[in-house]
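From first to last, the protein sequence lines stand for chains A and B.
For the first sequence, position 134 (counting from the first letter as 1) is numbered 134 according to the numbering used here, and the numbering increases by one without interruption.
For the second sequence, position 129 (counting from the first letter as 1) is numbered 1129 according to the numbering used here, and the numbering increases by one without interruption.
Number of protein chains: 2
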Amino acid sequence: MSNSIKNTNLEDTTICQVGIIVRDIERSMEAFCRVFGLPRPEVIEMPGYERVKTTYRGGPSEATAKLAFFDMGQVQLELIEPDGKPSVWQEFLDEHGEGVHHLGFQVADTGRVVEFLAGEGIGVAQQGLYGDLSGQYTYMDSAAALGVVVELLESFGG
Amino acid sequence: MSNSIKNTNLEDTTICQVGIIVRDIERSMEAFCRVFGLPRPEVIEMPGYERVKTTYRGGPSEATAKLAFFDMGQVQLELIEPDGKPSVWQEFLDEHGEGVHHLGFQVADTGRVVEFLAGEGIGVAQQGLYGDLSGQYTYMDSAAALGVVVELLESFGG
C-alpha cells in the first residue's frame, strides 16, 4: 500500500462557498448586512423537482429552500432557509440548529469526483440542478469523515 | 433612523479562515489529506495562559488546543481539537459535535471592531495571543445572530 497523496482528488481545493443553514433568512440577512456592512442581496426561491430534479438520499425530492448570497472575497457566503421537507438542509437544522452546513468546491466532472469519494466511503447525500439550469450541485455525505459537508459545484459548458 | 449601510464595520469582509472543531485531529487530518490530496500539515500544540493570556468569557483560562492548518486558496482551513477544559471550542463540541465553528477575518484594530459589535449586541467570547505572540485572535459571540462565530485576527506590526 502506498501512502502517496494524489493531487487530483478534487480538481481544485480552493474553497469557493460557505453555506450556512438558518431558520429565518430575512432575519439572518439583516444581521449579516449590519455586521459586515454589505448590501442586501436578493432572496432566491429554489424551484421544485420538476425544474431542478432534486434527489435526496437516492429518491426524488420536492424539498426547496430560500437562498441568499454574499460575496466575501474569493468566498461566496450562502444563507439557506429549508422549507421543512426532507433534505440535507432540514436534516442539519433538526440535528444541529443554525450553523455552517457545507464548504463548496468547483469541479469540472462531478461523476469522476463522486467515484473517487465513493472509494473513500463518502457517498452522495443530495443532488440537483441550479435554478437557472446552468449547472449542478452535489452534497457529499462527508460530515462523519471531515466534520463538514463537501459540496461539488459544476457549471455546464465550462 | 437611517437604514444606510456602513462599509467600515469590519475593515475587510474577506473570509480568510474556516475553523472546524474535531474530536481527534490526527484522524481528521488524515481524512482531509486523503480527500483533498493535500500535504500533511504539522500539528501545533497551543501554549497555555502564561504565554498566550487566553481569556474565556471574561476570566483567564488554561484551555489549550491542538491545531492544524491547510491552505485552500484564499482561505486557511483550521482544524481544532479542544483539550476538554472550558473554552469556546469545548462548548461547541459539547453542544454540536464536530463541525464548522468560526469564520475568520483580518482586522487592523480589534478594539474598534469589538466596540462596533458590542453596539450590535455581540460580545467577546474568548481572546488570546498567537502562540508566537505575533498577533491576537478574538472570538465574538455571534452564533445567535449569524449562525456562526466570527473570529477577528489581528497581526501586530501591520
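Don't be surprised by glycine CBs; every beta carbon is placed ideally from N, CA and C.
Who pairs with Tyr137 (chain A) in a beta bridge, going by DSSP? A:Gly128 and A:Leu153
Can you tell me the Cβ-Cβ gap for Thr55 (chain A) and Ala63 (chain A), rounded? I've got them flagged as a contact below 8 Å. Contact doesn't hold; Cβ gap of about 10 Å is too wide.
Considering Val1052 (chain B), what are the terminal residues of the alpha helix (DSSP H) in which it resides? Tyr1049 to Val1052
Taking 8 Å as the limit between beta carbons, can you name the residues of its chain near Val1175 (chain B), skipping five residues before and five after? Past the edges of chain B, shown from 1001 to 1158, lies residue 1175 (chain B), and the structure says nothing about it.
Within chain A, partners of Thr1064 (chain B) - CB distance below 9 Å: Within 9 Å Cβ-Cβ: nothing; Thr1064 (chain B) doesn't reach chain A, min ~20 Å.
Does any C-beta atom of chain A lie closer than 8 Å to the C-beta of Ile1171 (chain B)? Examination of residue 1171 (chain B) is not possible in this model, given that chain B is present from 1001 through 1158 alone.
With 8 Å as the threshold, decide whether the Cβ of Met72 (chain A) is near any Cβ in chain B. yes
On the CB-based measure, 16 or more other CB atoms within 10 Å of its CB, does Leu133 (chain A) come out buried or exposed? exposed
Backbone CA spacing between His1102 (chain B) and Trp89 (chain A) [nearest angstrom]: 19 Å
Could one say the Cβ of Val1043 (chain B) lies closer than 8 Å to chain A's Cβ atoms, at least one of them? no
Is Gly1084 (chain B) close to chain A? Criterion is C-beta to C-beta, closer than 8 Å. no
How many Å lie between Pro1060 (chain B) and Val1018 (chain B) at the Cα? 25 Å
Residue range of the alpha helix (DSSP H) that includes Ile1025 (chain B): Ile1025 to Phe1036
Ile1080 (chain B) to Met140 (chain A) span [Cα, whole Å]: 22 Å
From Asp83 (chain A) to Arg1112 (chain B), what does the alpha carbon distance come to, in whole angstroms? 38 Å
Do Val148 (chain A) and Phe160 (chain A) count as a contact pair if the criterion is CB distance below 8 Å? The question about residue 160 (chain A) has no answer here: the residues shown for chain A are numbered 1 through 158.
N-terminal and C-terminal residue of the alpha helix (DSSP H) that Val1088 (chain B) is part of: Val1088 to His1096
Quick check on DSSP: helix, strand or coil for Cys1059 (chain B)? Checking the displayed sequence, the identity of residue 1059 (chain B) turns out to be Gly instead of Cys. It is a strand residue.
Are the beta-carbon atoms of Ile20 (chain A) and Leu93 (chain A) separated by less than 8 Å? no
Which term fits Ser1142 (chain B), buried or exposed, when burial requires 16 or more other beta carbons within 10 angstroms of its beta carbon? buried
Looking at chain A, which residues of the region 1102-1116 of chain B have a Cβ within less than 8 Å of any of its Cβ atoms? Leu1103
So that I know if they touch, is there some Cβ in chain B lying closer than 8 Å to that of Phe69 (chain A)? no
Just to confirm my understanding: we take Val1075 (chain B), look at its own chain, exclude 5 residues before and 5 after, and list those with CB closer than 7 Å. What are they? Ile1015, Cys1016, Gln1017 and Val1018
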